[in-house]
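Undergrad: Mind having a look at this structure? Questions to follow.
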Amino acid sequence: MTLDGRVIRERLSALVAGMTNLQHDGQYVEPNLDGTPGDYISFKSWEWPQGVGLYGLVRLWQATGDDALKSLLEGWYSDRIAEGLPKLNINTTAPMLALSFLWRETRDPRWETVLDDWANRVLSEMPRTPEGGLPHIVSDKINDQELWDDTLVMVGLFLACYGQTSGRKELVDEACHQFLLHSRYLADPKSGLWFHGWTFEGRHNFARALWGRGNSWIVLGILDLVDCAEIPAPVRSFLLGVLETQISALLALQAPSGAWHTLLDDPSSYEEISATAGIGYGLLKAARLGIGPKTCREAGLKALQVVMDNIDDTGTVSNVSYGTRMGHDLQFYRDIPIQPTGYGQALAILCLTEALAHIPSDGEA
């Protein structure tokens, strides 16, 4: 396998262009609960796909120091905040993660009050499940009493990053609590993988789906949690143990192509590139940090190759599954349509950015 650092940088530039050019074409009509139209595709919309997209951009900016990326981020937040922030929920919190990293690097006073107010509202206004979990309530659906993998990236990482930077230990503690509680109910002790969700109402894991992108959220989430905040040693040790078990299971399920299936344990389900990019990012980062088996790097580079092969000439990532609600049977996941999205772009950006730590800018793997 030959992976060239120069080509990776070129693909990263294309991915940024592909993300910023995303536009909603009316194919998906998903009105919010308050009657406003939902837009989960256009770059200028404040929602969770864009929030994950911005996280990819801010991490790329941190890695490269590219002033154009900084200007893009600052312009996006300035414009969206001037338009007025949306209602608080799990998914509308997602853009706060990248903003917390932007503020960490710049200490720009424009962002501090926005971040602080939002963090306060997460703690005081968000409903709770038994045991203090954050139910996955979003703009277009009240998933009452439900824990989802996604929540840890959409809210948990923001609390940890902003809490660490602002010196608010209670925010980091809350992030730790959410990771621990979600681990209790979503990590499958038999397979080592994570189920998509849990309901306290029926006390079950819905379809018991070992969903690809959900598992990529966990790999990314745990690694970035311990990387961005000072996590108490027992919590860190526990979560890294859970992660290493998950990684071992994921390594065994990587397809010959280098990808992972949208249902990880179902080879008949399609190979899905956002999950592959997120897992590939996690494996490469784990290898760099000395976490997990030594085969992480090789598997991560194999994933990197298939991700790069799915970036078209416009910088758009193909074979990405559309936003996925909680499935009550496994066929639901097999039937999710393919659609370019901000999170598909971002997970590819994270994967390629992490790869630069393994491949010289002018060299090969």
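Residue numbers (numbering that gives the first Met the number 0): 0 to 364.
From the three backbone atoms N, C-alpha and C, an ideal C-beta is built for every residue, glycine too.
Between the beta-carbon of Asp139 and the beta-carbon of Gly50, is there less than 8 Å?
TA: Numbered from its first residue, the sequence shown carries residue 139 at position 140. Numbered from its first residue, the sequence shown carries residue 50 at position 51. No, these two residues do not count as a Cβ contact at 8 Å.
Undergrad: Work out the CA separation of Asp33 and Gln304 for me, nearest whole Å.
TA: Translated into the one-based positions of the sequence shown, residue 304 becomes position 305. Translated into the one-based positions of the sequence shown, residue 33 becomes position 34. Cα to Cα, the separation comes out at about 42 Å.
Undergrad: Three or more beta-carbon pairs under 8 Å between the segment 126-133 and the segment 16-27, yes or no?
TA: With a cut-off of 8 Å, the segment 16-27 and the segment 126-133 do not count as touching, because too few Cβ pairs lie within range.
Undergrad: Less than 7 Å between C-beta atoms, sequence neighbours within five positions excluded: which residues of the same chain meet that for Gly299?
TA: As a working note, residue 299 is residue 300 in the sequence shown. Excluding positions up to five away in sequence, the list reads Gly279, Leu282, Leu283 and Ala286.
Undergrad: Measure from the alpha carbon of Trp147 to the alpha carbon of each residue in Cys227, Pro188, Arg183 and Thr313, then state which is nearest.
TA: On the sequence shown, position 148 is the one that residue 147 refers to. Minimum Cα distance to Trp147 is reached at Arg183.
Undergrad: Counting pairs of Cβ atoms below 8 Å between the segment 338-346 and the segment 46-64, do you hit three or more?
TA: They touch, by the three-pair rule.
Undergrad: So, does the segment 187-197 touch the segment 242-262, judging by three or more C-beta pairs under 8 Å?
TA: They touch, by the three-pair rule.
Undergrad: Are the segment 151-162 and the segment 199-212 touching, with three or more C-beta to C-beta distances below 8 Å?
TA: No: the two stretches stay apart, fewer than three of their Cβ pairs being nearer than 8 Å.
Undergrad: I need the DSSP call for Leu32, collapsed to helix, strand or coil.
TA: Walking along the sequence shown from the start, residue 32 turns up at place 33. Residue state, collapsed to three classes: coil.
Undergrad: Going by DSSP, what residue range makes up the alpha helix (DSSP H) through Trp47?
TA: By 1-based counting over the sequence shown, the position of residue 47 is 48. Trp47 -> alpha helix (DSSP H) spans Trp47 to Thr63.
Undergrad: Should Arg5 be labelled buried (16 or more other beta-carbon atoms within 10 Å of its own) or exposed?
TA: In the sequence shown, residue 5 corresponds to position 6, counting from 1. By the neighbour-count rule (16 or more Cβ atoms within 10 Å), Arg5 is not buried but exposed.
Undergrad: In terms of residue numbering, what span does the alpha helix (DSSP H) encompassing Thr112 cover?
TA: Translated into positions along the sequence shown, residue 112 becomes position 113. Start and end: Pro108 to Glu124.
Undergrad: Helix, strand or coil, according to DSSP, for Val137 in the structure here?
TA: Translated into positions along the sequence shown, residue 137 becomes position 138. Here Val137 sits in strand by DSSP.
Undergrad: Which residues in the same chain as Leu71 place their Cβ atom closer than 6 Å to its Cβ, once the five residues preceding and following it in sequence are excluded?
TA: In the sequence shown, residue 71 corresponds to position 72, counting from 1. Result list for Leu71: empty, nothing under 6 Å.
Undergrad: If you check the beta carbons only, do Leu371 and Ile272 fall under 8 Å apart?
TA: Nothing about residue 371 can be read from this structure; the chain reaches only from 0 to 364.
Undergrad: Of the residues Ala97, Asp334 and Gly277, which one's Cα is nearest the Cα of Val316?
TA: Translated into the one-based positions of the sequence shown, residue 316 becomes position 317. Comparing Cα-Cα distances from Val316 to each of Ala97, Asp334 and Gly277, the minimum goes to Gly277.
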